[in-house]
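Chemist: Have a look at this one before I ask anything.
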Ligand code: PHE
Ligand code: ZN
């Protein structure tokens, strides 16, 4: 962590391990500040890559080490130890002592609310014992746990237990990053599942007693995931038990440890009164994601951490497919693209831009990014579009057959597609190595019944990559006749050149193009479309994604004109939106999305791209004025919709009920600008579920009438950590720009601001940063507060501190005054004595 000269690791330097591991036996004697770990590991020299015997190890107190029973004294070196070993297979036995109680970084073995748990991805196992902590070393594990906790869990199948101990055996060779151990006073929500070949699997979600009523939905999502992976990918579960554990203190969402997934409580626990529709949906997708890793990540893992997208991109793609199947596919696609643009495009257009497969890193934990995950998933979607769904399925079956039990690379992945389709994918592979979001400029012409689309692609420079090569871009296109009828249905154009044209013949009139349908490639499409064309597509496009996209483009154009020219809210846009809202043939969830204005960060980036220095205050004012105008013009319709979309009967988190609530609550938010938030107050008071309660509360707070409701909400929910996080997050998130920093400051002084808990820390500081106009208020108060807290968090939890430095990644967009204030904040963080390698790397990259 406290490395004076942090080393950069390069993909090009990869060498295979000098020793393989054939078997691992671990014994844990648990004690809060002096846990003993005894390892017995069978090593075998790798004849293909002879080299010194090096084991990773960090913060370990060595008690004893033996080789084949004989005591030895390994030599400490940076990051571990080296030792003289025999030139044949041998047994390594080591006893070390570790201190879970002192582990606030939440990596390795740590304590969360009195419960022992582990987090080993990416490089946490080296904080547990000496080991070749690299993913290409795979071995079966046997684990014995001794401790006084009633529940003692590890990977694999239970192989024995008695008072104060239990033993587990995981027959599937795995890398150390998938190791897990949990011990504590836990209770289980249990179920079972029979795989299609007849294996009986005991399922359990382990929680603290008070959370038992929050497990049913997660369990249901797990069983649906298991069925889906059998049906769609032919993948079955491969152990007798599948355990999920909820922990309060966790740096990420969840972790796919073999047979023992560990979840941030927020990513698994839900009940109607405490979780929103959005929470339920997120839980479903994370449960699926972690479960799907069993094949894409665990059975087939990554050779090295540069290949992270091999498991993450693919597993995100699979969880997206799952959610699309379980819910509305178009709505899911829109949500995913919103997330991609909001997080990944933002990353790709700033100082942290990196390829989906990076070529170097200082701290791998800094590369669990939107680019690796979300853009990684987009690359798989493009591959599938290019080769077709059936060829994709065949390639995947070959992948599973050929690579089961192996640690693989992107080259292996591409090869299964080349081998099944005969296609040359060398150019496609550039997507993995070239950073930045491609711009796709489109013009068109029409002559003698021939309609031609001209495309020009270019990718702006990114750090370390000044020049870019043309990519393979699948552009899904449809053409509409002036009557609104579709004359060319969705056709996939494969663009491979820097500039390329595609012609359509036999058209009787100039068509209107619907471009990049379904968002067929992660690019920024630029076309000087006029608003009449957008309104036409909003009314007529058969592709739901592009229909939404047309509305969004209209909204964006209107808002940008308000900011740059002081234009009034665009009446034509509001009218078109009104027509869409009234269209009862459209899914309410889709209409709810159309009602949402583009995000303020998104607008800032678009203004910047258009050569305008964005002023977050002005953007905020424009969005407010637009929402006021929408509320005024559409008041009657919104009131009708609000009433019509109420869902009778007991709460259910299903997609259709959630869609109705989303539309009703979108209407509520606007109506609150007209009715003094009367409806919001009523809804807040009457709500029997968190979705309704929180939407009521948010509307009240937005209108400046939230004080009593906030107090009531706190009194009602002070005993529920996850709900309290919502209370903490809502206030800085919705504060007026000039108040946001004060609100956040006040909350960080609240007795319940348990800042060492990552969820609570992010609730306040993350929400502050998400309030663009508040965070970027010209006073600079929010920057200062953020820097103060990152400096305080860094020595306690470097991973979470480092991750949150990304709040500053967009700083080059802004005016000189803001840039100077942010530069000061970054400088102050960088100059902090003992700054972690994690945060140090991030701040250096952001500063550029
Ligand atoms: N591998 C986890 C996932 O994608 C994420 C994770 C990474 C969790 C590192 C913890 C630490 O599901
Ligand atoms: Zn994952």
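In my numbering, the protein residues as written are 352 to 1199.
Ideal Cβ placement from N, Cα and C applies to all residues, glycine included.
Treat the numbers as computed from the prediction; the structure is a model and nothing was measured.
Would you call residue 1185 buried or exposed, if buried means 16 or more other Cβ atoms sit within 10 Å of its Cβ?
Modeler: So residue 1185 counts as exposed.
Chemist: Which runs of the alpha helix (DSSP H) at least 4 residues long sit entirely within the segment 1021–1045? Give them in chain order.
Modeler: Correct list: 1029–1037.
Chemist: If contact is defined by three or more beta carbon pairs under 8 Å, each pair taking one atom from either stretch, is the segment 1174–1193 in contact with the segment 969–978?
Modeler: With a cut-off of 8 Å, the segment 1174–1193 and the segment 969–978 do not count as touching, because too few Cβ pairs lie within range.
Chemist: Leaving out the 5 sequence neighbours to the left and right, which residues in its chain are closer than 6 Å to residue 650 when beta-carbon positions are compared?
Modeler: Cβ within range, chain order: 755.
Chemist: Do the segment 653–670 and the segment 748–768 touch if we need at least three Cβ pairs shorter than 8 Å?
Modeler: Judged by Cβ distances under 8 Å, the segment 653–670 makes contact with the segment 748–768, as three or more pairs qualify.
Chemist: Quick one: what does DSSP say residue 902 is sitting in, helix, strand or coil?
Modeler: If DSSP states are grouped into helix, strand and coil, residue 902 belongs with the helices.
Chemist: Under the three-state reduction of DSSP, which class applies to residue 364: helix, strand or coil?
Modeler: If DSSP states are grouped into helix, strand and coil, residue 364 belongs with the helices.
Chemist: Pull up the DSSP beta-bridge partners for residue 517, would you.
Modeler: In the DSSP output, where bridge partners are listed per residue, residue 517 has 496 and 512.
Chemist: With a threshold of 7 Å on Cβ separation, who are the neighbours of residue 732 within its own chain once the five nearest residues in sequence on each side are excluded?
Modeler: Contacts found: 668.
Chemist: Just the C-alpha distance for residue 1070 and residue 603, rounded to the nearest angstrom, thanks.
Modeler: Distance between the alpha carbons of residue 1070 and residue 603: 23 Å.
Chemist: Run through the segment 751–835 for me and flag every whole beta strand (DSSP E) of 3 or more residues, listed as ranges in chain order.
Modeler: Whole beta strand (DSSP E) segments, 3+ residues: 790–798, 801–809 and 824–831.
Chemist: Do residue 921 and residue 909 have their C-beta atoms closer together than 8 Å?
Modeler: Contact: yes.
Chemist: Is the distance from the Cβ of residue 563 to the Cβ of residue 540 below 8 Å?
Modeler: Cβ distance < 8 Å, so residue 563 and residue 540 count as in contact.
Chemist: To the nearest whole angstrom, what separates the beta carbons of residue 368 and residue 487, a pair I think is in contact under 8 Å?
Modeler: Going by Cβ atoms, the distance from residue 368 to residue 487 rounds to 6 Å, so yes, they are a contact pair.
Chemist: So, for residue 402: in the same chain, excluding its five sequence neighbours on each side, which residues have a beta-carbon less than 7 Å away from its beta-carbon?
Modeler: Counting only Cβ-Cβ distances below 7 Å, and skipping sequence neighbours, we find 369.
Chemist: In chain order, what residues of the same chain lie with their CB nearer than 7 Å to the CB of residue 781, ignoring the 5 residues before and after it?
Modeler: Excluding sequence neighbours, residue 781 sits near 820 and 822.
Chemist: Between the Cα of residue 552 and those of 508, 1027, 528 and 372, spot the shortest distance and give me the residue it belongs to.
Modeler: Of the candidates 508, 1027, 528 and 372, the one whose C-alpha sits nearest the C-alpha of residue 552 is 508.
Chemist: Just tell me which of 601, 570 and 589 has its CA closest to the CA of residue 631.
Modeler: Cα-wise, what sits closest to residue 631 is 570.
Chemist: In the DSSP assignment, find the unbroken alpha helix (DSSP H) run with residue 1136 in it and report its ends.
Modeler: Its alpha helix (DSSP H) spans residues 1132–1144.
Chemist: Under three-state DSSP, which class holds residue 525?
Modeler: DSSP places residue 525 in strand when its eight states are reduced to three.
Chemist: Do you know offhand how far residue 639's Cα is from residue 646's?
Modeler: Taking the straight line from one Cα to the other gives about 12 Å.
Chemist: Report buried or exposed for residue 353, applying the criterion of at least 16 other Cβ atoms within 10 angstroms of its Cβ.
Modeler: Confidence in residue 353 is poor, its pLDDT being 45 and thus under 50, which makes the residue's placement unreliable; the coordinate value appears in the next sentence. By the 10 Å Cβ count, residue 353 comes out exposed.
Chemist: Quick one: grab the DSSP three-state call for residue 656.
Modeler: Helix, per DSSP.
Chemist: State the Cα-Cα distance for the pair residue 435 and residue 736, rounded to the nearest angstrom.
Modeler: The straight-line gap from Cα to Cα measures roughly 53 Å.
Chemist: Helix, strand or coil for residue 1190, going by three-state DSSP, please let me know.
Modeler: Three-state result, residue 1190: helix.
Chemist: Does the segment 1043–1053 come within contact of the segment 1027–1035, defined as at least 3 CB pairs closer than 8 Å?
Modeler: Yes: the two stretches touch, three or more of their Cβ pairs being nearer than 8 Å.
Chemist: Which value, in whole angstroms, describes the spacing of the CA atoms of residue 599 and residue 467?
Modeler: Taking the straight line from one Cα to the other gives about 11 Å.
Chemist: Taking a contact to mean a Cβ-Cβ separation below 8 Å, would you say residue 788 touches residue 875 in this structure?
Modeler: Cβ distance < 8 Å, so residue 788 and residue 875 count as in contact.
Chemist: Under 7 Å from any heavy atom of the ligand PHE, does the C-beta of residue 473 make it?
Modeler: Yes; taking the cut-off as 7 Å, the Cβ of residue 473 has a heavy atom of the ligand PHE nearer than that.
Chemist: Can you check whether the CB of residue 427 is closer than 8 Å to the CB of residue 416?
Modeler: For residue 416 and residue 427, no; Cβs fall outside 8 Å.
Chemist: If you run the structure through DSSP and keep just helix, strand and coil, what is residue 840?
Modeler: It is a strand residue.
Chemist: Check whether the Cβ atoms of residue 1080 and residue 1122 sit closer than 8 Å, and answer yes or no.
Modeler: Not in contact: residue 1080 and residue 1122 (Cβ atoms no closer than 8 Å).
Chemist: Could you say which of 774, 775, 783 and 892 lies nearest to residue 829 if we only look at CA atoms?
Modeler: Among 774, 775, 783 and 892, the Cα nearest to that of residue 829 is on 892.
Chemist: Classify residue 797: buried if its beta carbon has 16 or more other beta carbons within 10 angstroms, exposed otherwise.
Modeler: Answer is exposed; the Cβ neighbour count stays below 16.
Chemist: Measuring alpha carbon to alpha carbon, tell me which residue in 504, 400 and 865 is nearest residue 609.
Modeler: Selected option, being the one with the closest Cα: 504.
Chemist: Which same chain residues end up closer than 6 Å to residue 475 when comparing Cβ atoms and leaving out the 5 residues on each side of it in sequence?
Modeler: 458 and 459.
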